[in-house]
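Let me begin by presenting the structure, written as structure tokens, before commenting on it.
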Amino acid sequence: MSAGFVLEFEKPIVELERKIAEMREFASDENVELSREIESLEQKLDRLADEIYSKLTRWEKVQLARHPRRPYSLDYINAFCKDFLEIHGDRGFADDKAVVCGFGKFNGQKVAVVGQQKARDTKGKLIRNFGMMHPEGYRKAMRVMRLAEKFNVPILIFIDTPGAYPGIDAEERGQAEAIARNIREMFRIKVPIIISIIGEGASGGALGIGVGDVILMLENSWYSVISPEGCAAILWRDQAKASEAAEALKLTAQDMLQLEVIDKIIPEPRGGAHRNPQGVYELLGKEIQAQLEHYGSLETGRLLEQRMQKFRRMGEVLQI
Amino acid sequence: MEWFKKAREGIISQKKKDIPEGLWTKCPKCSDIIYVRQLEENLSTCPNCEYHFRIKSSDYIRLILDEGELEEKDQGLISGDPLQFKDSKKYPDRIKTASKNTGLNDAVVSGIGKIDDKIISIAVMDFAFIGGSMGSVVGEKIARTIERAIQMRIPLVIISCTGGARMQEGILSLMQMAKTSALLARLDDLRLPYISVLTNPTTAGVMASYASLGDVIIAEPGALLGFAGQRVIKQTIRQDLPEGFQSSEFFQEHGFLDKIVHRRDLKKTISLFLEYFSNDVQGSA
Ligand SMILES: [Zn+2]
């Protein structure tokens, strides 16, 4: 199902790609020479894709960030890590499967990993709760971070969530407390924390594992104080105004860089990460490696002071 | 945004013939008619059912600080418009209207004061200013309030009253959660006490940052406390919410609140905690 999923604005491209594939097949089956026609169509495809993807609206980028074929945390973990060992549970209540935690070897270096996990099929979506964490998920994440600190292993975090779970049980178990505590404690974790926003970064649900030394963001990801739908429902009193809300919220990677909330945009292949996951793994992997080397060499006191100052500066105030 | 509705319900809708208008109000909880003077004498709580009416930041300052005196700081910080945000109104216009209506520059008042002769760094949020929402100014003022506690080695008290982060400043509002929590880590490292006081409502981004990080957390009775908005929860789970869900009482029952305190006992309670947390070497007053 999701393998064939196509967004509205992707349709002309996918259509043309199909045509080219058909022509190739026909040419080889029937042994006819169509290379010039194919080449011309490919050029056309190139222009079309350039045109479509160079002027995506913020709302279209949100859709790309939610693309069901987009790589999820476990895809990155599997691409990056050898000998990945997952750990489970918060030792208090349950194991939250909306977040994957464990240890792995990244280019031979030991790392701890925390990643919010979505799924593509119905059953998986329920198990992963659509990537929406409960309090026990934030507490599990803190557990692995404390372990990482104890054994002096840097931490890689992958953010991809439509928000912390809004439910009765989540409130009963202290969703606010779990997120607040994580945010504060992440400022005290004495090993490097490298954050990668790979899809959706919604609100406190993202920030609850979002404090780190460097924040990388894939080109077609979004990060915001509230989802476009949530914002539309409150300010426009109409969820359907999500595209307007997305524009107003300024939530793209480019916006984040301009607002000095993130450090670096990781470019995606034209059309988004799902069109060439391997290419994205390579680019993000290289960047993470560089960041690990840089922050791994910092003395702990300086590391924590810089982490604090980084967030201390954020915001815009005027003085009268 | 349930609290807006609640605020509206607080406005009198039914008139009583025999008492002149403006001299009385109706309790939204028990429907009792209360004389305004009686309400004021009772610190804006219902004499019958103890319903706590919302009060202003200046009221809290008068209520809990010695002589009602605050040495106000950072009064001149005002909001920019980093996103050039516009919904039905432009954000700067929203700010202007709120300032005009409240006489405040943003949703928090902060400074130095005394509680029973103990010097504290204090911030009090004000719901009347755009729902007490936290944008860059609130975040910065809270951050500086914590920094003053650190510099002067004095306790911190924050009284929250807020619907959460301010959407009109987008991601920068979210980052105020990190900014304030970062400094609270430092305050905690220095073993300086922080009393977090929650009033109706304290929710979302503020609840998921500094409001939840007090050494002790106390709340007024019947306040709306929580992370997610009730409408969002209802939409997600498609069922009705239990009676008293996300109230102070619910919060305490589930282990996230130390104490529910009537407004008249607020100062006394904070003062006593500060005494227990004074960290003096001899361990006695
Ligand atoms: Zn009453």
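Residue numbers (the working numbering), protein chains in the order written: chain A, 1 to 320; chain B, 321 to 605.
Note that CB positions come from ideal geometry on N, CA and C, so glycine has one too.
Computed from a predicted model, the values in this text were never measured in an experiment.
- The beta carbons of Pro162(A) and Glu219(A) sit about 19 Å from each other, so the pair does not count as a contact at 8 Å.
- With 6 Å as the limit, the residues whose C-beta approaches a heavy atom of ligand 1 more closely than that are Cys347(B), Lys349(B), Cys350(B), Asp352(B), Cys366(B), Asn368(B), Cys369(B) and Tyr371(B), in chain order.
- With the criterion set as a beta carbon lying under 7 Å from some beta carbon of chain B, the members of the segment 204-226 of chain A are Gly204, Leu207, Val211, Tyr223, Ser224, Val225 and Ile226, in sequence order.
- In this model, Ile183(A) and Lys19(A) are separated by some 50 Å (Cα to Cα).
- Counting C-beta atoms within 10 angstroms of its own C-beta, Val356(B) has fewer than 16 neighbours from the protein chains shown and is therefore classed as exposed.
- In terms of CA proximity to Lys150(A), Pro192(A) leads the group Gly4(A), Pro192(A) and Asp121(A).
- Comparing alpha-carbon positions, the option among Glu60(A), Lys140(A), Val113(A) and Gly92(A) lying closest to Lys82(A) turns out to be Val113(A).
- One thing to note: Leu492(B) has its Cβ no nearer than 9 Å to the Cβ of Met308(A).
- Within the same chain, and ignoring the five residues on either side of Leu510(B) in sequence, the residues whose Cβ sits closer than 8 Å to its Cβ are Ile470 and Arg473.
- Rounded to whole angstroms, the separation of the alpha carbons of Ala524(B) and Tyr411(B) is 21 Å.
- A contact between stretches requires three or more CB pairs, one per stretch, nearer than 8 Å, and the segment 538-558 of chain B fails this requirement with the segment 493-513 of chain B.
- Taking a Cβ-Cβ cut-off of 7 Å, the neighbours of Asp407(B) in chain A comprise Leu235, Trp236 and Ala248, given in sequence order.
- Residue contact with chain A for Gln496(B): present (Cβ-Cβ distance below 9 Å to some residue of chain A).
- Residues of the same chain with a CB within less than 8 Å of the CB of Leu504(B), apart from the 5 flanking positions on each side, are Ile466, Tyr514, Tyr530 and Leu533 in chain order.
- Using a Cβ-Cβ cut-off of 9 Å, Glu392(B) is close to nothing in chain A; its nearest Cβ partner there is about 14 Å away.
- Where Tyr355(B) is concerned, the enclosing beta strand (DSSP E) starts and stops at Ile353 to Tyr355.
- His88(A) and Ala141(A) have their C-alpha atoms spaced approximately 10 Å apart.
- Taking the C-beta atoms as reference points, Met445(B) is found nearer than 9 Å to Gly452(B).
- Setting aside the 5 residues that flank it on each side, Val261(A) is surrounded in the same chain by Ile215, Tyr223 and Met314, each with a C-beta closer than 8 Å to its C-beta; the list follows chain order.
- Counting the other CB atoms within 10 Å of its CB gives Arg374(B) a total of 16 or more, which places it among the buried residues.
- Here the segment 165-178 of chain A makes contact with the segment 557-577 of chain B; the two share three or more CB pairs at distances below 8 Å.
- In the structure shown, the three-state DSSP call for Val280(A) is helix.
- In terms of CA proximity to Ile435(B), Ser591(B) leads the group Asp600(B), Ser591(B) and Glu595(B).
- The Cβ atoms of Arg464(B) and Lys393(B) sit closer than 9 Å to each other.
- Ranked by how close their Cα comes to the Cα of Leu343(B), the residues Met495(B), Arg583(B) and Glu360(B) have Glu360(B) in first place.
- Taking 9 Å as the cut-off, the beta carbon of Glu341(B) is found no closer than this to the beta carbon of Phe405(B).
- Under the Cβ criterion of 9 Å, Ile183(A) is counted among the residues facing chain B.
- The way I'd put it, the segment 51-58 of chain A does touch the segment 240-248 of chain A; three or more beta-carbon pairs between them come closer than 8 Å.
- The beta carbon of Met487(B) sits closer than 9 Å to some beta carbon of chain A.
- Listed along chain B, the residues sitting closer than 8 Å to Gln319(A) by beta-carbon distance are Gly396, Leu397 and Ile398.
- Under the Cβ criterion of 9 Å, Val62(A) is not counted among the residues facing chain B.
- In terms of CA proximity to Ala94(A), Gly137(A) leads the group Phe80(A), Gly137(A), Gln116(A) and Gly124(A).
- One finds Ser501, Ala528, Ser529, Ser532 and Leu533 in chain B with Cβ atoms closer than 7 Å to the Cβ of Ala180(A), taken in chain order.
- Within the model, the alpha-carbon separation for Ala290(A) versus Thr252(A) is close to 24 Å.
- Under the Cβ distance rule, Met23(A) does not count among the residues neighbouring chain B, no pair being separated by less than 9 Å.
- Thr519(B) and Cys481(B) do touch by the CB rule: their CB atoms are close to 5 Å apart, below 8 Å.
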